[in-house]
Amino acid sequence: MHDFNTLVSFSFPTNILFGCGAVRSLGPHLKDKGMSRPLIVTDKNVAQLDFFKSIVKNLENQGFSIQVFFDIHKNPVKSDVLAGGEYYIKTNRDCIIGIGGGAGMDVARAIALRINHHRDLFDYDDLEGGDKYVTESVPYFVTIPTTSGTGSEVGRSAIISEDDTKRKRILFSPKLLASQVFADPELTYDLPPFVTAATGMDALTHNMEAYLAKGYHPMADGIAIKAIKMISDSIEDAVNNPRNAKARGEMMLASLMGAVAFQKGLGIVHATAHPLSTLLDMHHGLANSMMLPYGMEYNLPGLEDKFKLMETALGTNKSVYNYLHELKSCLGLPDKLSDLNVTVNHLDRLTELAYNDFCLPANPRKAGKNELREIYEKAL
Ligand SMILES: [Fe+2]
471 MHDFNTLVSF SFPTNILFGC GAVRSLGPHL KDKGMSRPLI VTDKNVAQLD FFKSIVKNLE
531 NQGFSIQVFF DIHKNPVKSD VLAGGEYYIK TNRDCIIGIG GGAGMDVARA IALRINHHRD
591 LFDYDDLEGG DKYVTESVPY FVTIPTTSGT GSEVGRSAII SEDDTKRKRI LFSPKLLASQ
651 VFADPELTYD LPPFVTAATG MDALTHNMEA YLAKGYHPMA DGIAIKAIKM ISDSIEDAVN
711 NPRNAKARGE MMLASLMGAV AFQKGLGIVH ATAHPLSTLL DMHHGLANSM MLPYGMEYNL
771 PGLEDKFKLM ETALGTNKSV YNYLHELKSC LGLPDKLSDL NVTVNHLDRL TELAYNDFCL
831 PANPRKAGKN ELREIYEKAL
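This is the structure in structure tokens:
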């Protein structure tokens with residue numbers, strides 16, 4: 471039961487223009503804001519895609535001076551951000567467009583922070599109280615998602631790793647919210663089935679974990695439950711029928727809704743998935759899909775009512791645990807960590823990293839190292 475004498479804070483995101491063709495409003499929007507020299511930040515893969523080239527061409531045809539920065543790592547590191555910040559200054563830019571999945575968007579957001587904040591980048595690490603140094607303005611910043619998973623387009627944080635240790639650091643400030651999101655489902659039509667499935671499972675994990683996370687946030691709970699239903703309705707269609715506007719549109723919105731909802735917190739699924747990416751370079755969405763059934767199974771005791779509501783949202787009469795196993799099999803995703811070259815020898819290190827993961831404290835059920843190791847053993 472929530473104590474209504476306790477103050478809680480709710481934040482909601484930026485302006486979102488959603489729908490097929492939304493990206494065509496980018497040029498007029500920037501003109502309206504008096505911008506003329508954007509730096510587009512993306513990753514190497516997106517930079518090669520036809521829709522990306524046509525966005526650049528369309529902006530140039532409208533008289534914009536465009537520079538593109540795409541030389542970033544799959545898991546972005548500090549030197550990517552520093553190089554991007556120098557490029558912004560050297561090429562005399564006046565705004566930033568982040569286009570991509572999580573990596574491109576994280577670097578774009580971190581560059582936006584970097585331009586007028588010149589301490590060591592990790593002085594701004596939120597987990598070490600760094601947001602108090604975010605005192606200056608940031609350049610005008612808009613985002614365009616090209617996957618439906620991270621929801622980073624509506625986020626206020628950027629996850630950037632240290633170059634040498636690969637330790638993940640979180641740069642956070644409400645100032646890092648994009649001023650405008652252009653959420654255009656057509657940009658996801660050509661994603662390969664595996665990417666659609668794995669990123670979609672990431673979005674499902676965000677919503678389920680946010681819904682169960684500790685804390686009082688009925689608005690986030692409502693958003694998460696609705697998004698769980700949208701994903702259940704659309705994820706298989708988005709994988710098997712990729713140019714379906716409804717399926718792609720619902721997945722894009724549900725992913726964005728997940729990122730709105732997880733301001734409440736995430737939990738044990740992300741805490742056990744992150745080490746699989748850090749240690750074994752596993753795709754983030756795939757890692758979540760591997761751990762999701764087991765994390766949900768762990769969280770069930772004491773939360774039976776919430777699980778009932780999730781089952782209703784999923785439209786199933788099965789348990790959440792069984793539903794998730796069947797969904798993964800329909801999507802062609804692997805079921806066991808051992809299918810992905812994880813062995814019993816990895817478990818000590820994985821457990822240690824999961825125990826220290828920043829997502830674990832929000833999990834509704836406490837977990838120590840023994841419990842975390844048991845979850846990995848089940849998933850193996
Ligand atoms: Fe995630």
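Per our numbering, the very first residue in the sequence shown carries number 471; after that it's consecutive.
For glycine and all other residues, C-beta sits at the position ideal for the given N, C-alpha and C.
Option in the options with minimal Cα separation from residue i
| i | options | result |
| --- | --- | --- |
| Thr813 | Tyr791, Leu750, Pro688 | Leu750 |
| Ala573 | Leu803, Ile698, Phe539 | Phe539 |
| Asp634 | Lys548, Phe828, Ala553, Ile585 | Lys548 |
| Ala668 | Phe522, Ala715, Gly571, Ser759 | Ser759 |
| Pro546 | Val577, Val516, Ile559 | Val577 |
| Asp541 | Pro804, Gln518, Arg589 | Gln518 |
Three-state secondary structure (DSSP) of residue i
| i | result |
| --- | --- |
| Leu509 | strand |
| Asn485 | strand |
| Arg639 | strand |
| Phe521 | helix |
| Gln532 | coil |
| Ile559 | helix |
| Phe480 | coil |
| Ser775 | First, the amino acid is wrong: residue 775 is Asp here, not Ser. Three-state result, Asp775: helix. |
| Val547 | strand |
| Asp595 | strand |
| Ala580 | helix |
Beta-carbon proximity list for residue i, same chain, < 6 Å, skipping 5 on both sides
| i | result |
| --- | --- |
| Val478 | Tyr686 |
| Gly765 | Ile738, Val739 |
| Gln537 | Leu509, Thr561 |
| Ala628 | Asp576, Arg579, Ala580, Leu641 |
| His753 | Ala668 |
Cα-Cα separation between residue i and residue j, rounded to whole angstroms
| i | j | result |
| --- | --- | --- |
| Leu773 | Asn833 | 12 Å |
| Glu623 | Ser506 | 22 Å |
| Leu823 | Pro745 | 6 Å |
| Asp601 | Ser643 | 6 Å |
| Tyr825 | Phe732 | 20 Å |
| Ala648 | Tyr610 | 8 Å |
| Ala849 | Leu509 | 43 Å |
| Tyr768 | Met761 | 11 Å |
| Ala846 | Ala708 | The sequence shown places Tyr at residue 846, not Ala. In a straight line, the C-alpha of Tyr846 is about 30 Å away from that of Ala708. |
| Leu555 | Gly504 | A small correction: the amino acid at residue 555 is Gly; Leu does not occupy that position in the sequence shown. Rounded to the nearest angstrom, the two C-alpha atoms are 21 Å apart. |
| Arg713 | Ile525 | 19 Å |
| Gly785 | Pro663 | 23 Å |
| Arg589 | Gly568 | 23 Å |
| Pro763 | Ser789 | 10 Å |
| Ala582 | Ile566 | 7 Å |
| Asp499 | Phe522 | Before going on, a small fix: residue 499 reads as His here, not Asp. So the two alpha carbons sit approximately 18 Å from each other. |
Span of the beta strand (DSSP E), counted from its first residue to its last, around residue i
| i | result |
| --- | --- |
| Gly568 | 565–570 |
| Ala653 | 650–653 |
| Phe828 | Looking at the DSSP string, Phe828 is not in any beta strand (DSSP E), and its letter there is neither H nor E. |
| Val538 | 537–539 |
| Ser631 | 627–631 |
N-terminal and C-terminal residue of the alpha helix (DSSP H) that residue i is part of
| i | result |
| --- | --- |
| Tyr610 | Premise fails: Tyr610 lies in the beta strand (DSSP E), 610–615, not in any alpha helix (DSSP H). |
| Ile705 | 688–710 |
| Val730 | 715–731 |
| Ile845 | 839–849 |
8 Å Cβ shell around residue i - same chain, five flanking residues per side excluded
| i | result |
| --- | --- |
| Lys776 | Tyr681, Leu682 |
| Leu552 | Arg584, Leu591 |
| Asn485 | Ser649, Gln650, Val651 |
| Gly670 | Ser618, Gly619, Ile701, Ile705, Ala708, Val709, Met721, Ser725, Gly755, Leu801 |
| Lys716 | Ser704, Asp707 |
7 Å Cβ shell around residue i - same chain, five flanking residues per side excluded
| i | result |
| --- | --- |
| Lys734 | Ala680, Ala683, Gly685, His687, Ala690 |
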